[in-house]
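> Protein sequence lines correspond, in order, to chains A and B.
Okay, so the first sequence: first residue is 229 according to our numbering, each after it adds one.
Okay, so the second sequence: first residue is 229 according to our numbering, each after it adds one.
My questions will all concern the structure given below.
2 protein chains.
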Amino acid sequence: MKTKTEKEILLVALGGNALIRKGQVGTIEEQFQNLKMSIRQIARLSEEYKIIITHGNGPQVGNLLLQQESCNAVPKLPLEILVAQTQGQIGYMIESTLDSELRKMGVISQKSLVNLITYVVVDENDPAFQNPSKPVGPFYTEAKAATLPYPTRKTEKGYRRVVASPQPVTIIEKHEIVKLIEMDFIVICCGGGGIPVIKKGRTFTGVNAVIDKDLASAKLAEEVGVDILLIASDVDGAILRYGEPDQELLRIVTLDEITRYLAEGHFSPGSMGPKIEAAIQFIQGNGKRALITSIETIEESIAGKAGTEIVK
Amino acid sequence: MKTKTEKEILLVALGGNALIRKGQVGTIEEQFQNLKMSIRQIARLSEEYKIIITHGNGPQVGNLLLQQESCNAVPKLPLEILVAQTQGQIGYMIESTLDSELRKMGVISQKSLVNLITYVVVDENDPAFQNPSKPVGPFYTEAKAATLPYPTRKTEKGYRRVVASPQPVTIIEKHEIVKLIEMDFIVICCGGGGIPVIKKGRTFTGVNAVIDKDLASAKLAEEVGVDILLIASDVDGAILRYGEPDQELLRIVTLDEITRYLAEGHFSPGSMGPKIEAAIQFIQGNGKRALITSIETIEESIAGKAGTEIVK
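Written out as structure tokens, the structure is:
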């Protein structure tokens, strides 16, 4: 039980559109410009809440895959190393943007702010390894796909490599993150869902997989004792009958209701589905508030004026 | 003044050969295997000292440059973003290797260990920007070099892109690093000399440059109050008349002597030179011990049995 004077912990999970908007190629200028929208809100929220920021990395890791496939002159790196690279890249972009926004608010001297490289344990017996399903990287023709040394799957725009997306078991840096949050550090971590590793005896080994960043965020939230989990993306919230004339944005929804809607197939497995699952896991644990909203309405959602809130 | 019971702070700056040895192409397996040599020693030293680890990134950033030049399908990233990517990559490799070594020693539960993305302020009026001199990335023919949109310089193996290598002015995350060290965290930071930024008003902007990792380490050591700066690379220490039949490894050398040797041109500007400059700056400040040694003899050097020590 927290004392009245202690700040609540808010975890904001930023979707890919915080960095690259639909229709953009994703130049570095575009990415920095886009980031301001979400980061400015988080900077203001840091006056009232202890803050953890996690983020996606889909387009960035896809670009690294494409680049290394185009170049035979240097050794290719496994997927988990590319995830680590994107944690460096995006973490720096978020940290420096947040730093600038806090300076503009005149509060930087009171804030400590770190970006942690984070790795996340997965189970080598996770069934996801038998059924790689998460598309990553470039699109291929069917003929090219057949020549590739890894599994591919047909998607709307062509064939893509698929990798396993196992469940996060535990966040390696959880104790460090707890200590940093206690000291009121703003912590950026778990980028791209974390670098996936399996435990072999006393050592950890990276594996060829990607962890869903919303599920990793929910696991982190549970392990660190987060109060509010906010998942920000390019949609306004959880929507019933999405895309149909009578679609309906859920505003406040109970755990039972949302669990039923999920089972009824209202939420697409590759996008809203994991967000709903993450929110459900969080509220089933000790989470107080789970919010799903758009990048533009992070503050409004916390104020109860936008997005979807899942309640017990 | 530290109390007797308080541990001293040891900063180990790891050279590129901690990851990739001469003659290797630098596969990820090679890099992990090579890392054990230095990291195992640092793990043992962490029982006696508070530890900061910095590292180089030359071959890794070179590979990223080469890959992005080979691929026109995705937007190219500026150099400082590539440095951020290598901080993620190498930071993860060092952290997970150290984690494994500490677990083998049975001490992991007492250790907190983080890898911080670090950016470092440089002066936009630094003369280095007028005279880019640090070679980065792939080798080109003279004809190809003439077509490139950035300055190149002829080297032994061909033409290479050159970038500015300005002096580090301050490490942005210094306050955070001080707090983490006070809490006995092992901190990995300042990878590749840090992500170079200049201050524009209230914001920071990345610049096209690379900071020498030994000079950045000396600046960090000064700002954080490090006791011992150890620079580990592929040579045994500071050597007079290097490569000649009567070459001589310096074992203990005063500040006056080493300053004179440096002025006499004993140390090559691109490799041993910056290490000596970093050691001099550190001892001229409040540093207690500055050590230059090989990756293999980190512990021996601290014990006074290997390498070069610069004393007041």
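No residue lacks a Cβ here, since even glycine has one placed at the ideal position from N, Cα and C.
This one's a predicted model, so the numbers in the text were calculated from it and none came from an experiment.
Are the CB atoms of L305 (chain A) and L326 (chain A) nearer to each other than 8 Å?
Not closer than 8 Å, so no.
> Mind pulling the beta strand (DSSP E) runs of 3 or more residues that sit fully within the region 427–473 of chain B?
If we require 3 residues or more, the beta strand (DSSP E) runs fully inside the region 427–473 of chain B come out as 431–434 and 456–461.
> Which residues in the same chain as F432 (chain B) place their Cβ atom closer than 6 Å to its Cβ, once the five residues preceding and following it in sequence are excluded?
If we look at F432 (chain B) and ignore the five residues flanking it on each side, its Cβ neighbours are V425.
> How about G419 (chain B) and I309 (chain B): do their beta carbons lie closer than 8 Å?
Taking 8 Å as the Cβ cut-off, G419 (chain B) and I309 (chain B) do not qualify as a contacting pair.
> Less than 8 Å between the CB atoms is what I'm expecting for I317 (chain B) and A312 (chain A), so what's the real figure, rounded?
It is worth fixing the name first, because residue 317 (chain B) is Gln in this sequence and not Ile. Indeed, because the Cβ distance is near 5 Å, the residues count as touching under 8 Å.
> When the cut-off is 8 Å and only beta carbons count, does K407 (chain A) lie next to chain B?
So yes, K407 (chain A) belongs to the interface.
> Just the chain A side, please: which residues come within less than 9 Å of K447 (chain B) by C-beta, in chain order?
Ordered by position in chain A, no residue passes the 9 Å Cβ test against K447 (chain B), which lies about 19 Å from the chain.
> Here's the rule I'm using: 16 or more other beta-carbon atoms within 10 Å means buried, otherwise exposed. How should V539 (chain A) be labelled?
V539 (chain A) should be labelled exposed.
> Give a yes or no on whether the minimum CB-CB distance between D464 (chain A) and chain E is below 8 Å.
Of the protein chains in this structure, namely A and B, none is chain E.
> Could you tell me which of A:I400, A:I416 and A:L238 sits nearest to I423 (chain A), measuring between CA atoms?
Cα-wise, what sits closest to I423 (chain A) is A:I400.
> Would you say G254 (chain B) faces chain A, with C-beta separation under 8 Å as the test?
Cβ-Cβ to chain A under 8 Å: yes for G254 (chain B).
> Compute the distance between the beta-carbons of I467 (chain B) and E476 (chain B), then report whether it is under 8 Å.
It is a contact, given that the beta carbons lie within the stated cut-off.
> Give the DSSP-derived three-state secondary structure of G421 (chain B) in the structure shown.
Reduced to three states, the DSSP call for G421 (chain B) is helix.
> Taking just the CA atoms, how far does K332 (chain B) sit from H283 (chain A)?
Between H283 (chain A) and K332 (chain B), the C-alpha separation is close to 32 Å.
> By the criterion of Cβ-Cβ separation under 9 Å, what are the contact partners of T314 (chain B) in chain A?
Result: Q313 and G316.
> Can you pull the chain B residues whose beta carbon is under 7 Å from the beta carbon of D442 (chain A), in chain order?
Simply none; closest approach about 21 Å.
> Where does T346 (chain A) land, buried or exposed, given buried means 16+ other C-beta within 10 angstroms?
Its Cβ being crowded by 16 or more others within 10 Å, T346 (chain A) is buried.
> With a CB to CB cut of under 8 Å and the five nearest residues on each side skipped, what residues in its chain are close to T314 (chain A)?
Excluding positions up to five away in sequence, the list reads N285, Q288, V289, L292, G419 and G420.
> Let me know if S361 (chain A) comes out buried or exposed under the rule of 16 or more other beta-carbons within 10 Å of its beta-carbon.
So S361 (chain A) counts as exposed.
> Thinking just about the alpha-carbon of each residue, which of A:D484, A:L458 and A:H494 is nearest to the one in E472 (chain A)?
Of A:D484, A:L458 and A:H494, the residue nearest in Cα terms is A:H494.
> What does a CB cutoff of less than 8 Å around I526 (chain A) pick up in its chain, not counting 5 residues either side in sequence?
Result list for I526 (chain A): V240, S266, Q269, I270, L273, L458 and A460, in chain order.
> Can you tell which of B:G513, B:G243, B:K264 and B:K447 has its C-alpha closest to the C-alpha of L330 (chain B)?
Selected option, being the one with the closest Cα: B:K264.
> Can you pull the chain A neighbours of T431 (chain B), defined as C-beta to C-beta under 9 Å?
In chain order: S324, T325, D327, S328, E329, R331 and K332.
> Please decide whether P542 (chain B) counts as near chain A, where near means a Cβ-Cβ distance under 8 Å.
The question about residue 542 (chain B) has no answer here: the residues shown for chain B are numbered 229 through 540.
> Mind pulling the alpha helix (DSSP H) runs of 4 or more residues that sit fully within the region 368–397 of chain A?
Complete alpha helix (DSSP H) runs here, min 4: 370–375.
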